[in-house]
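Worksheet for the structure shown next.
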Amino acid sequence: MSPAETQVRQALYAMQDAEYKKFHSGLIPTVDPARIIGVRTPMLRKFAKEFAKSEHAAEFLKALPHATYEENNLHAFLIEGMKDYDTCITYLNEFLPWVDNWATCDMMSPDVLKKNRDTLIGQIRAWIASDHTYTIRFGIGRLMSLYLDDGVFAPQYLQMVAEIRSQEYYVNMMIAWYFATALAKQYEAAVSYLEEKRFPVWIHNKTIQKAVESRRIPKETKSYLRSLRSKEKGHAEAL
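Counted from 1, the sequence shown has number 27 at position 26 by our numbering; the numbering is strictly sequential.
Rendered as structure tokens:
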């Protein structure tokens, strides 16, 4: 282990919470529980801000793959704090292939990406064209968080996501989450995808489920969305 990894590992185990480890392990089934230390996210974020200023941060970012779940999350938080767009993209592209769970993927939201939407959209296209589950999921997540509001939304972004076909649960769940959010923010553009049954059945019904659970969608609209549920057997198409 490098000096950076040694320092990090010691610090993480000093913050270990055994009960939290037991609880959190059940939420991320794709990660071996033996690789989870059990550090609460606010503590890890605080440590990341301090560690980013240290001489070992750059060395740690080069030490891929990491041995533990928390080291991956620390890596994600270090990237999240980067201020230069090109540097951030470089580190994201080095790190994403090593992401192995939805939590690490979804917690990583660099502010610098928001300031470079025009350039970022090309990178998102590359991410969603990947064959790696969490790279695709991360790309869809950026489309959801950065491109659904008025002023930045374009209908072709919906099409980009709708064209994704995957056998991976965590990709298909993110597609459903994206379109449920789109129904809340860009309803007229998004609802036609359900009306025209443009998804595999599982994604179609999961989108409706998540939309109906949303507080941002009016009660009358939810009733209509329920009427669009498909009774066809298509679960295997999406999973």
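The beta-carbon is built from N, C-alpha and C at its ideal position, and this holds for glycine as well.
With the cut-off set at 8 Å, would you say I106 and Y86 are in Cβ contact? Here residue 106 refers to the residue found at position 105 when the sequence shown is read from its first residue. Here residue 86 refers to the residue found at position 85 when the sequence shown is read from its first residue. Rather than Ile, the amino acid found at residue 106 in this sequence is Cys. No; because the gap between Cβ atoms is not below 8 Å, this pair is not in contact.
Outcome for Y225 when other beta-carbon atoms lying within 10 angstroms are tallied against a minimum of 16: In the sequence shown, counting from the first residue as 1, residue 225 sits at position 224. Exposed is the label assigned to Y225, since fewer than 16 other Cβ atoms lie within 10 Å of its Cβ.
Expressed to the nearest angstrom, what Euclidean distance is found between the alpha-carbon atoms of G27 and E71? By one-based count along the sequence shown, residue 27 stands at place 26. By one-based count along the sequence shown, residue 71 stands at place 70. E71 has its alpha-carbon roughly 15 Å from the corresponding atom of G27.
Is R230 helix, strand or coil by DSSP? Taking the sequence shown and counting its residues from 1, the one referred to as residue 230 is at position 229. When DSSP states are grouped into helix, strand and coil, R230 belongs to the coil group.
How many whole angstroms separate the CB atoms of C89 and P66, which I take to be in contact at a CB cut-off of 8 Å? Working through the sequence shown from its first residue, we reach residue 89 at position 88. Working through the sequence shown from its first residue, we reach residue 66 at position 65. Contact flag wrong, Cβ pair sits at about 20 Å.
V172, DSSP secondary structure in three states: In the sequence shown, the residue the question calls residue 172 occupies position 171. Helix.
Could you tell me the boundaries of the alpha helix (DSSP H) in which R10 lies? Here residue 10 refers to the residue found at position 9 of the sequence shown. Here the alpha helix (DSSP H) through R10 covers P4 to A15.
DSSP three-state label for Q157, please. What you label residue 157 is simply residue 156 of the sequence shown in a count that begins at 1. Q157: helix per DSSP, three-state reduction.
Need the endpoints of the alpha helix (DSSP H) that Q187 sits in, please. As a working note, residue 187 is residue 186 in the sequence shown. No alpha helix (DSSP H) contains Q187, which DSSP labels as neither H nor E.
So, are the CB atoms of I176 and I141 less than 8 Å apart? The count along the sequence shown starts at 1 and reaches residue 176 at position 175. The count along the sequence shown starts at 1 and reaches residue 141 at position 140. Cβ distance < 8 Å, so I176 and I141 count as in contact.
Local conformation of R182 per DSSP, three classes: Here residue 182 corresponds to residue number 181 of the sequence shown, with the count starting at 1. Arg is not the amino acid found at residue 182; the sequence shown has Thr there. It is helical.
Roughly how many angstroms separate the alpha carbons of Q17 and K47, rounded to a whole number? Sequence index remark: in the sequence shown, residue 17 carries index 16 (1-based). Sequence index remark: in the sequence shown, residue 47 carries index 46 (1-based). For Q17 and K47, the gap between their C-alpha atoms comes out near 14 Å.
To the nearest angstrom, how far is the alpha carbon of A127 from that of M2? Taking the first residue of the sequence shown as position 1, residue 127 is located at position 126. Taking the first residue of the sequence shown as position 1, residue 2 is located at position 1. So the alpha carbons of these two residues sit roughly 33 Å apart.
Do H205 and K198 have their CB atoms nearer than 8 Å? Within the sequence shown, numbered from 1, the residue matching residue 205 stands at position 204. Within the sequence shown, numbered from 1, the residue matching residue 198 stands at position 197. A Cβ-Cβ contact shorter than 8 Å links H205 with K198.
Helix, strand or coil: how does DSSP classify L149 here? What you label residue 149 is simply residue 148 of the sequence shown in a count that begins at 1. DSSP places L149 in the coil class of the three-state scheme, outside both helix and strand.
Reference G152, options G123, W178, A163 and K186, closest by Cα: Taking the first residue of the sequence shown as 1, we reach residue 152 at position 151. Looking at the Cα atoms, K186 is the closest of the given residues.
Let me know if P201 comes out buried or exposed under the rule of 16 or more other beta-carbons within 10 Å of its beta-carbon. In the sequence shown, counting from the first residue as 1, residue 201 sits at position 200. With 16 or more other Cβ atoms within 10 Å, it is buried.
C-alpha distance - V242 paired with N73, whole-angstrom precision: What is shown of the chain runs 2 to 240, which leaves residue 242 out entirely.
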